[in-house]
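Trainee:
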Amino acid sequence: MKWIVHKFGGTSVANACGYRTVAGILAGQRRTGEHTAVIVSAMSGVTDALIELVEIAKTRDNSYPAKLEALKQRHLDTLTELGLEPRRRLELAAIVEADFRDISEVLKGVSIARIASEQIKEFVSGHGEIWSAQFLAAHLSSVARPTTWLDARQVLTVDSEGSQIKIDWTVSQTRLDQWLADHAPIAETVVITGYIASTQDGIATTLKRNGSDFSASIFAALLGANSITIWTDVDGVLSADPRRVPDAIVIPDLSYQEASELAYFGAKVIHPNTMFPAITRGIPIWIRNTFKPDERGTAISATSTFEAPIKGFATVDDMTLINVEGTGMSGVPGVSHKLFEALHAVDVSVVMISQASSEHSICFAVPAHQSGLAKKTLEDAFEAEIRRGAVQTIGVVDECCILAMVGDGMIERPGIAGKFFHALGKAGVNVRAIAQGSSERNISAVIEQHDSTKALRAVHSAFYLSPQTISVGVIGTGLIGGAFLNQLAERIDLLRTERGIDLRVRGIMNSRRMLLHDRHLDLEGWHDRLEACEAEADLARFVEHIHPGHLPHAVIVDATSSADLPRRYESWLKSGLNIVTPNKKGNAGPLNEYLKLRDAVRKSGRYFLYETNVGAGLPIIHTLRNLLDTGDTIIRIEGIFSGTLSYLFNSLDGTKPFSSIVRAAHDQGFTEPDPRDDLSGMDVARKLIILAREIGLEIDLEDVRVESLVPENLRGSSPEEFLDGLVDHDQAISELVREAQARQHVLRYVGAIEANGSVSACLRTFPAGHVFANLTGGDNIVSFQTARYNSQPMIVRGPGAGPEVTAAGVFSDLLRLASFLGAPL
Ligand code: ADP
Ligand code: ASP
Ligand code: MG
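Counting from 0, one number per residue, gives the positions in the sequence shown under numbering that gives the first Met the number 0.
Right, dumping it as structure tokens:
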């Protein structure tokens with residue numbers, strides 16, 4: 000008879016719909032001439048609930064009958080929802096009712112005696128599988144073909160010694176063969192309970208938590224099956240627990256050994272014992288997703304073809320590290336034997352051992368709940384040695400966990416351990432003990448429990464993500480922020496595929512709302528989704544989300560003009576965030592705040608990029624930095640730094656009055672809503688400060704000599720009154736224009752920084768042939784006169800305002816950040 004085995008975990012059969020999905024999968028998997036054994040777990044959460052009932056009854060807590068009733072009702076409801084033929088439903092309901100009556104009696108006894116033996120717990124906790132298997136068999140019989148069910152306790156015989164489970168293969172095989180003979184001709188599909196078994200004396204027991212995977216491979220071995228497929232709620236074995244590492248990926252292939260190690264070190268998706276019956280008979284195991292049956296899943300077999308040196312990471316949480324230390328231990332034979340024998344005798348499970356070659360100390364990890372027992376046992380066992388002073392301490396470090404890295408490919412490959420520990424070091428994770436299996440298939444480290452997720456994420460990203468994976472958070476969705484997100488949306492895929500720059504926009508926030516995503520937001524239609532989302536803007540939560548610790552780098556793009564956000568830059572930098580911003584308020588703020596910000600940049604080693612603070616997308620700050628860094632000396636920086644003022648004076652040829660040019664510019668949106676913000680010269684002054692500070696001048700806004708073009712009598716009025724009142728000043732400006740024109744000069748509003756520290760922004764005249772005199776529209780122009788560019792200054796010129804060019808400048812700062820972080824140019 001040809002058999003194949005499918006196992007469905009509790010996550011696959013959480014409700015009636017789950018049983019229907021399972022039936023659909025089985026129908027799709029059926030091949031003629033093959034028999035199918037379906038191992039099924041209890042409905043999701045039922046084993047937990049049954050165990051809890053025993054615990055509650057033991058404490059004489061009166062809530063257990065109500066909880067028992069609720070559990071019964073959940074099963075009866077599922078039965079109803081399955082829509083079985085009424086007679087069959089009533090039969091099954093009667094069985095369920097009878098089982099619950101039995102359990103209720105047992106719990107009453109537990110409650111009276113206030114004691115529950117292991118056997119009682121095993122007896123009660125196995126019922127979930129008994130109900131689940133009968134439900135599935137009944138459903139399959141009603142929608143497909145007649146299906147039999149097998150209570151594994153009739154066949155599977157085990158010898159449990161503490162936490163160890165020994166299968167009695169001979170007895171189990173004989174009983175299975177007998178069962179098959181008794182039920183001949185055997186139905187095409189047999190549903191078998193997972194998890195449960197019997198002892199040699201016929202007492203109900205289990206294969207311990209998560210044991211249904213193990214049941215599947217035991218039955219596969221007994222039936223001589225061709226394959227085992229374990230159906231669960233994830234796409235396969237992932238490179239780390241997806242609940243803790245959102246970027247975990249499906250591992251396509253694993254060797255039996257790799258899968259065993261990962262499972263042993265905590266990858267809950269498969270029970271560690273599952274592999275061993277399959278290995279001896281060479282049966283391949285598949286892990287697949289019940290809810291996405293089209294996904295290929297993970298194949299586990301004798302050899303893995305997936306080349307990555309490292310397959311996955313896992314943690315065993317809630318461990319205690321015990322360190323037995325003594326000068327009298329070195330070179331004395333039998334110390335470890337005595338130690339581990341004593342622990343074995345009380346069934347303490349030792350998960351990891353590390354011993355220094357001096358034999359001066361032995362360090363090992365045990366589950367936290369056994370730490371007291373372990374310590375006491377060792378104190379008794381080594382009593383004589385402690386008295387003599389040969390053993391000095393039995394130290395206990397609580398609240399630890401083990402982090403393990405697994406992969407056949409690390410065998411004889413240098414550098415893997417280095418990368419692992421480097422990643423932990425960089426994440427600030429303290430390593431307390433280290434072990435490497437001699438198979439070189441795993442490296443494990445004991446770390447503090449509270450570092451567990453951080454450590455898992457750090458090592459996972461070191462091996463699985465490109466170093467240019469950057470978590471991006473955008474604050475501000477106005478003209479610039481919006482244009483930036485649109486530009487990013489168009490390029491982001493190409494940047495990843497062609498340049499290896501993996502920009503993950505994981506958050507967008509404006510003053511009202513925020514949109515967050517664990518992996519990355521789809522930027523198509525970001526605006527509508529942000530508008531539709533309910534989450535209120537919460538800056539602290541946003542920043543924490545953008546810098547979760549599991550991605551190598553994170554950046555905040557501050558696309559606002561807020562004065563408040565720059566005050567937080569310092570703490571963001573210190574926490575490891577990079578910053579990209581067109582917002583001038585940080586660099587042009589009070590000098591002491593500016594100096595603190597610079598200090599934070601230096602000390603944090605993070606990047607703060609702000610090219611668009613001056614001249615929008617034009618390379619002005621970058622050019623200045625290059626001049627300075629290559630050792631040039633600045634003599635003078637001079638230029639037209641305001642797009643609006645550039646436009647106003649480029650248009651002022653004497654044919655139209657100044658006030659009408661200002662009004663037209665205002666009406667076309669070329670000025671700030673209040674044109675005085677441009678005409679006051681303060682915006683130019685801020686840009687000058689930024690450049691002056693760049694060359695090392697420690698100045699504040701008061702140190703800049705600014706000529707305001709806002710007449711004094713119009714400073715307090717409304718914008719409209721201002722525009723009206725400006726007419727009265729046309730005469731004065733016209734005179735200046737006429738006077739300049741008489742000398743073939745033009746008027747320009749120019750900012751200048753001299754090497755001696757004098758900084759000014761004022762109206763000046765330039766000869767008609769001068770570069771400043773021949774600009775178009777709102778061009779900016781900056782001239783750098785330096786020691787090297789002396790007689791002929793270096794000029795940067797072009798449009799210096801507008802959302803598209805500014806957003807592009809922000810975007811190129813972001814790409815510059817990626818290249819600083821190591822992206823290929
Ligand atoms: P089932 O009820 O199907 O037996 P389990 O809950 O026992 O399912 O195991 C599946 C769960 O294991 C997944 O939902 C996932 O959260 C968790 N898990 C932990 N580590 C891993 C890993 N490395 N790969 C896949 N899943 C994992
Ligand atoms: N139902 C059992 C448990 O929850 C066995 C299993 O699902 O594997 O542990
Ligand atoms: Mg499981």
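Using N, Cα and C, we set each Cβ at its ideal position, and we do this for glycine too.
Because the structure is a prediction, the values reported are computed rather than measured.
Using 10 angstroms around the beta-carbon of Ala65, count the other beta-carbons present and answer buried if the total reaches 16, otherwise exposed.
Mentor: The residue is exposed, with fewer than 16 neighbouring Cβ atoms inside 10 Å.
Trainee: From the DSSP output, in three-state form, read off Val390 for me.
Mentor: Three-state DSSP puts Val390 in coil, outside helix and strand.
Trainee: Beta-carbon within less than 7 Å of Asp234's beta-carbon, same chain only, minus the 5 sequence neighbours each way: which residues are those?
Mentor: Contacts found: Val249, Asn288, Lys291, Glu294, Gly296.
Trainee: Have a look at Asp702 and Leu590 and give me their C-alpha separation to the nearest angstrom.
Mentor: Taking the straight line from one Cα to the other gives about 11 Å.
Trainee: Taking one C-beta from the stretch 802-810 and one from the stretch 599-606 each time, how about it: are there three or more such pairs within less than 8 Å?
Mentor: Not touching, per the Cβ criterion.
Trainee: Under 7 Å: does the beta carbon of Arg208 sit that close to some heavy atom of the ligand GTP?
Mentor: As far as ligands go, the structure on display features the ligand ADP, the ligand ASP and the ligand MG and does not contain the ligand GTP.
Trainee: With DSSP as the reference, label Val809 as helix, strand or coil.
Mentor: In the structure shown, Val809 sits in a helix (DSSP, three-state: H, G or I).
Trainee: Can you check whether the CB of Val579 is closer than 8 Å to the CB of Leu820?
Mentor: For Leu820 and Val579, no; Cβs fall outside 8 Å.
Trainee: Hey, Ala196 and Leu155 are a contact pair by Cβ (cut 8 Å); roughly how many whole angstroms apart?
Mentor: Right, their Cβ atoms sit about 4 Å apart.
Trainee: Using a Cβ-Cβ cutoff of less than 6 Å, which residues in the same chain neighbour Arg19 once the five nearest sequence positions on both sides are dropped?
Mentor: None.
Trainee: Could you tell me if Thr204 is buried or exposed, where buried requires 16 or more neighbouring beta carbons within 10 angstroms of its beta carbon?
Mentor: Buried, because 16 or more other Cβ atoms sit within 10 Å of the Cβ of Thr204.
Trainee: Return the bridge partner residues of Tyr748 from the DSSP annotation.
Mentor: The partner list for Tyr748 (beta bridge, DSSP) reads Leu762.
Trainee: Is the beta carbon of Ser460 less than 8 Å from the beta carbon of Pro547?
Mentor: No.
Trainee: Indicate the three-state DSSP secondary structure (helix, strand or coil) for Val12 in the structure shown.
Mentor: Reduced to three states, the DSSP call for Val12 is coil.
Trainee: Under 8 Å between the Cβ atoms of Ala215 and Gly193?
Mentor: Yes, they are a contact pair.
Trainee: For Val430, tell me which candidate among Arg714, Met409, Cys399, Ile415 has the shortest Cα-Cα distance.
Mentor: Of Arg714, Met409, Cys399, Ile415, the residue nearest in Cα terms is Cys399.
Trainee: So for Leu824, helix, strand or coil by DSSP?
Mentor: Note on Leu824: pLDDT 45, under 50, position unreliable in the model; the coordinate value appears next. Correct three-state label for Leu824: coil.
Trainee: Taking 7 Å as the cut-off, is the CB of Ala220 close to at least one heavy atom of the ligand ADP?
Mentor: Not under cutoff, so the answer is no.
Trainee: Please return the same chain residues whose Cβ sits closer than 6 Å to the Cβ of Gly506, not counting the five positions on each side in sequence.
Mentor: Gly472, Leu515, Phe541, His544, Ile545, listed in sequence order.
Trainee: Got a sec? Which residues, its chain only, sit under 6 Å from Val157 by beta carbon, not counting five neighbours each side?
Mentor: Once the five neighbours on either side are set aside, the close Cβ partners of Val157 are Ile164, Ile166, Ala196.
Trainee: Could you tell me whether the stretch 489-496 touches the stretch 446-464, using the rule of 3 or more Cβ pairs below 8 Å?
Mentor: The answer is no - the stretch 446-464 does not touch the stretch 489-496, with fewer than three Cβ pairs under 8 Å.
Trainee: For Met404 and Thr228, what's the separation of their Cα atoms in angstroms?
Mentor: So the two alpha carbons sit approximately 25 Å from each other.
Trainee: From the DSSP output, in three-state form, read off Glu447 for me.
Mentor: If DSSP states are grouped into helix, strand and coil, Glu447 belongs with the strands.
Trainee: If you measure from the CB of Glu128, is any heavy atom of the ligand ASP nearer than 7 Å?
Mentor: Yes.
Trainee: Please check the pair Val323 and Ile393, which I expect to be a contact at CB under 8 Å, by giving their CB distance rounded to whole angstroms.
Mentor: The Cβ separation is near 5 Å, so the contact holds.
Trainee: Grouping DSSP H, G and I as helix and E and B as strand, with all else coil, what is Ser707?
Mentor: Coil.
Trainee: Give every residue of the same chain whose Cβ lies closer than 8 Å to the Cβ of Arg144, excluding the five residues on either side of it in the sequence, and list them in chain order.
Mentor: Within the same chain, Arg144 has close Cβ partners Ala186, Glu187, Thr188.
Trainee: Once DSSP output is grouped into helix, strand and coil, what is the label at Pro145?
Mentor: DSSP places Pro145 in coil when its eight states are reduced to three.
Trainee: Three or more C-beta pairs closer than 8 Å, one from the stretch 46-57 and one from the stretch 122-129: is that the case here?
Mentor: Result yes; three or more Cβ-Cβ pairs closer than 8 Å.
Trainee: Any idea what DSSP makes of Pro271, helix, strand or coil?
Mentor: Helix.
Trainee: Which residues does DSSP list as the beta-bridge partners of Val396?
Mentor: Partner(s): Leu320.
Trainee: Taking only heavy atoms of the ligand ASP into account, decide whether any of them is closer than 7 Å to the Cβ of Gly8.
Mentor: Correct: Gly8 has its Cβ closer than 7 Å to the ligand ASP.
Trainee: I'd like the list of long-range same chain contacts for Phe810, defined as Cβ closer than 7 Å, with 5 residues on each side in sequence excluded.
Mentor: Phe483, Gln486, Leu487, listed in sequence order.
Trainee: How about Gly311: is its Cβ closer than 7 Å to a heavy atom in the ligand ADP?
Mentor: Indeed, a heavy atom of the ligand ADP lies less than 7 Å from the Cβ.
Trainee: CB of Asp212 to nearest heavy atom of the ligand MG: below 7 Å?
Mentor: Flag set: Cβ of Asp212 near the ligand MG.
Trainee: Are Phe419 and Ile446 touching if we call contact CB-CB under 8 Å?
Mentor: No, Cβ-Cβ distance for Phe419 and Ile446 is not below 8 Å.
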